[in-house]
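In the working numbering, the protein residues as written are 1 to 194.
Below, the structure written as C-alpha cells:
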C-alpha cells in the first residue's frame, strides 16, 4: 500500500501538470503561433469565503478585500495569462470545525464553477477545495466536484491538523483520487507538529 501511494505521489506532479497543460491548451488556446500562459497557482475568493476568513482573522484575508472575478481577469490580462487554475489560499477551509469546512468547501466550489469557470469560458479552470482533514466529507466532495461540477483537479494543503498528506489516515482519499486518475495540486503549509 505504501509503495503504491508513494509511487502515485511521486509521479503526480509531472502527470498532473501535463494533464492540466494538455487539457487547458486544447480548451483555451488558439492557433499554435499564439503563445498562451497558464497560471496554475491562482487564488480566489467568494463573498462567503471572505466573510469566513474575516471571522477567523486569517492572515490571508487582506489579499481578498477587494476581490472580484473581473479584477482577477484584469490582472490576468496585464500579465498575459490566458487561463488561471483556481485554488484556495492557506488555510483553505479548515479552522477546526468539520461542518463549517464542509459547507465552506461546497460554497467555494459552487461559486468558482458557476461564477468563474462557467461565466468566463476558457479563462479559468478549477482545482476543487476539499474539507480536509475529515475523510468522509472529503470523499463526498470529491464525488460532487468531479461528477457534478466537472472540476479539473483537486487542491490540497501539504498538512492538515498536524498530519502530512502521506499520513495513512488519508489513504482512502488518495485511493479515490487514484481511481479517478485525478490531477492533484498541493499548496505548502507548515505543520505545527514538525
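Glycine residues also receive a C-beta, built at the ideal position from the N, C-alpha and C atoms.
Counting other Cβ atoms within 10 Å of its Cβ, residue 151 reaches 16 or more and is therefore classed as buried. For the pair residue 94 and residue 36, the Cα-to-Cα distance works out to about 34 Å. The Cβ-Cβ distance between residue 144 and residue 104 does not fall below 8 Å.
Here DSSP, grouped into helix, strand and coil, assigns residue 87 to strand. In summary, residue 190 is exposed, with fewer than 16 beta-carbon neighbours lying within 10 Å of its beta-carbon over all protein chains present.
Between residue 111 and residue 159, the C-beta spacing is not below 8 Å.
Between residue 141 and residue 157, the C-beta gap is not smaller than 8 Å, which leaves the two residues out of contact.
For residue 124, the uninterrupted beta strand (DSSP E) run begins and ends at 124-129, by DSSP. A Cβ-Cβ separation of about 5 Å places residue 86 in contact with residue 126 under the 8 Å criterion. Shown here for residue 134: same chain residues with a beta carbon closer than 8 Å to its own, the five before and five after excluded, namely 98, 101 and 102 in chain order. For residue 139, the enclosing alpha helix (DSSP H) stretches over residues 135-144. Under the DSSP assignment, residue 48 falls in the alpha helix (DSSP H) whose first and last residues are 47-55.
Residue 58 and residue 177 have their C-alpha atoms spaced approximately 29 Å apart.
In the structure shown, residue 73 falls within a helical segment according to DSSP collapsed to helix, strand and coil. Beyond the five residues adjoining it in sequence on each side, residue 124 comes within less than 6 Å, by CB distance, of 84, 86, 116 and 117 in the same chain, given in chain order. For residue 119, the closest alpha carbon among the candidates 38, 73 and 161 is that of 73. Counting only residues of its own chain and dropping the five nearest sequence neighbours on each side, residue 56 has a CB closer than 6 Å to the CB of 95.
Using a Cβ distance threshold of 8 Å, residue 153 and residue 114 do not count as a contacting pair. Collapsing the DSSP output to three states places residue 148 in a helix.
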